[in-house]
DNA sequence: ATTATCTGCTTAAACGTTTAACCAAATATT
DNA sequence: AATATTTGGTTAAACGTTTAAGCAGATAAT
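Chains as they are written, first to last, in the working numbering: chain A, 16 to 357; chain B, 16 to 357.
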């Protein structure tokens, strides 16, 4: 049962009395091999249950046909779905993916890079950890001469492709929507300012307020790590204000959930007393009470484009990457938590 | 920038005027190489920024140092955490993991297996898809001569190691708890009967009822795919009964969430009118209103043991696996949804 | 002084492919 | 008929390691 009967290309060659090289070519559909031979090779390969040795071909060709993916955490629906779509595109082209999690830790992200390079991946697709500020570890990837693609969380300074949604515009649309609902004191529980996407959401929030002639009040703009726990804390801070907000826009669904809990616990009516909007459209957004307005980030498109970008680069022999942004328009999904009955 | 300067073992050998073999041995701390040479080799390796070619060593040694992990979906906290722990143990031993998702699909699971075998993994750790009944695809893994470890969702017939919690016992403890709270009509929204863990939960539920001299009522035992959507449906079915239950034990948190939504929407008081218990202790269990009683599955231990079991087998040269179950006692976490104030 | 053992290497083959270079036979071109 | 081209392969080297076998020189044992 546990014996390795590994059929090789050579075994097939022996059966047919041709060279191993001919078999290799036949399997790769080389034009210099006759249809008859190809057919025979495929037949014998099947009979002997031939499984190509991926390592050998990788060694010889210098391509591992493996793509590394680094995400902060797999247990968010956005990342899980994005990974799935990356996989779908790459599998079709014969690539497999290696998923690693950084757990939002800069140190782990560095280790992830080392791990992936060690594994001889042909490229890396990454969404950066919250903690990451220094970008030195990514230089290793460039030096290895393989393409690097960023999505969701990237940095301009890296000078590589980025795929993400238009965070600035999303904030505008959220504020527009809240203003339309009659809200006048709109708070924002934002992410870390140094992370581009959160910075863009903050900028969008500020500019949108101005557009609507609403004053920007410092006490209504908070910085958070966007965990559920911190969402609770920040919501409590807001409720402790003399002049409470009448709407809260939270830059992440998990933190928004924390905020929602606090509001529910204090019996504050959502959305009538305080309207609530999250970001990310995690499945639970549609499950909590009241159902939460949120922003869908098009994980399908993002994963697809990221994978396609990688494939594009691998077809070039000289990889010369430049900053290339692929910005998608996100979708605001309006639910009970921000929709007032008139 | 994008040039592959790949330092090899041979480059190091040239610098030091020794053979490549000596370098290889020095790097592996072989006893037949002098400390002096080892030191020199390590120094030169560092200077030249030597990165071992994993593929070459894998080809030669027949070990890829890669372990495949197959899970139904990565976006559940249990799987995400388990994967993390598997990774932690295996990374220490120089292994990397390749994560694939079956999306609860039997067909995708078959593809996952092919993908992983193609990638020459040294072993596979799997939690089976809901759909999976036929086990033929796993025979391929055995035939490849690599260890196969199952966790959470496994099957006795596979005759390989299984790590999971004691589902039967967990059901008992849930029912015990609910009876203690004064519940007399306890319903169970269970998973697919053909999946072992769900079957065990059902059996535990039935036996526990008997233990407490409660009648088993057919209308109170439902089979579900445990999605949030179906949780809603099944809860509605239960509410449509002439004699409604006074407690509902749901075999998965996502479905329990659906049930909770329905109860909240209909303003049914939890836990006083109907108590609710979930399973899996997803983070949201602690976030919903009311906070939901659930069962923690010890992802840390499960991942650790699964990885250790794999390592154990790789140390043997003749892999002869037998059914070996590692059953952990789960932890019932009692929260508001089932704790009545007296 | 002779033989045995140990130390610290070297040599060469092997892992299973891919691929550049070559070649004989068949067919086409002039 | 002589030469060129095409067809359908073959040969051999290479990818970067690991490892079994071998071996010279130093040290120890008798």
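C-beta atoms are modelled at their ideal positions from N, C-alpha and C, and glycine is treated no differently.
Secondary structure remark: continuous alpha helix (DSSP H) runs of at least 4 residues inside the segment 155-243 of chain B, in chain order: 182-195, 211-226. When the Cα atoms are used, residue 109(B) and residue 80(B) turn out to be separated by approximately 7 angstroms.
Within the same chain, Cβ atoms closer than 6 angstroms to the Cβ of residue 319(A) are found at 100, 104, the five residues on either side in sequence being excluded. By the Cβ neighbour-count rule, residue 342(A) is exposed, with fewer than 16 other Cβ atoms within 10 Å of its own. When DSSP reads this structure, residue 138(B) sits in a beta bridge with 82(B).
Close partners of residue 133(B) in chain A (Cβ separation under 8 angstroms): 66, 67, 69, 111. Following the DSSP letters along the chain, one finds residue 112(B) inside the beta strand (DSSP E) bounded by residues 111-116. The Cβ neighbour count for residue 347(A), taken over all protein chains shown within 10 Å, is at least 16; the residue is labelled buried. Under the three-state reduction of DSSP output, residue 30(B) falls in the helix class. Rounded to the nearest whole angstrom, the C-alpha separation of residue 137(B) and residue 162(A) is 27 angstroms. For residue 188(A), the closest alpha carbon among the candidates 294(A), 269(A), 130(A), 355(A) is that of 294(A). For residue 280(A), the enclosing alpha helix (DSSP H) covers residues 268-280.
For the segment 270-299 of chain B, the set of positions with a beta-carbon nearer than 8 angstroms to some beta-carbon of chain A reads 272, 273, 276, 279, 280, 298, 299 in chain order. The three-state secondary structure of residue 70(A), taken from DSSP, is helix. Here residue 89(B) is not near residue 111(A), since their CB atoms are 8 angstroms or more apart.
Residue pairing from DSSP places residue 308(A) in a beta bridge opposite 292(A). The three-state secondary structure of residue 262(B), taken from DSSP, is strand. Rounded to the nearest whole angstrom, the C-alpha separation of residue 239(A) and residue 272(A) is 13 angstroms. In terms of CA proximity to residue 82(B), 322(B) leads the group 176(B), 322(B), 303(B). The closest CA to that of residue 158(B), considering only 53(B), 169(B), 128(B), is found on 128(B). Contacts with chain A at 8 angstroms (Cβ-Cβ) do not include residue 312(B).
By the neighbour-count criterion, in which a residue is buried when 16 or more other Cβ atoms sit within 10 angstroms of its Cβ, residue 102(A) is buried. If you draw a straight line from the Cα of residue 42(B) to the Cα of residue 113(A), it is about 27 angstroms long. For residue 257(A), the number of other beta carbons within 10 angstroms of its own is below 16, and it is reported as exposed. Per DSSP, the unbroken alpha helix (DSSP H) holding residue 316(B) starts and ends at 314-330. Residue contact check for residue 43(B) against chain A: no CB pair falls below 8 angstroms. By alpha-carbon distance to residue 212(A), the top candidate from 184(A), 201(A), 200(A) is 184(A).
Think of a sphere of 7 angstroms around the beta carbon of residue 303(A): the chain B residues whose beta carbon falls inside it are 303, in chain order.
Neighbours of residue 73(B) across chain A, judged by C-beta separation under 7 angstroms: 70.
A residue is called buried once 16 or more other Cβ atoms fall within 10 Å of its Cβ, and residue 339(B), having fewer, is exposed.
Taking 8 angstroms as the cut-off, the beta carbon of residue 303(A) is found closer than this to the beta carbon of residue 275(A). If you check the CB distance, residue 132(A) and residue 156(A) come in under 8 angstroms.
In this model, residue 67(B) and residue 166(A) are separated by some 29 angstroms (Cα to Cα). In the DSSP assignment, residue 340(B) is bridged to 177(B). Boundaries for residue 346(B): no alpha helix (DSSP H) harbours it, while the beta strand (DSSP E) harbouring it runs 346-348, taken from the DSSP string. Against chain B, the beta carbon of residue 88(A) has neighbours under 8 angstroms at 95, listed in chain order.
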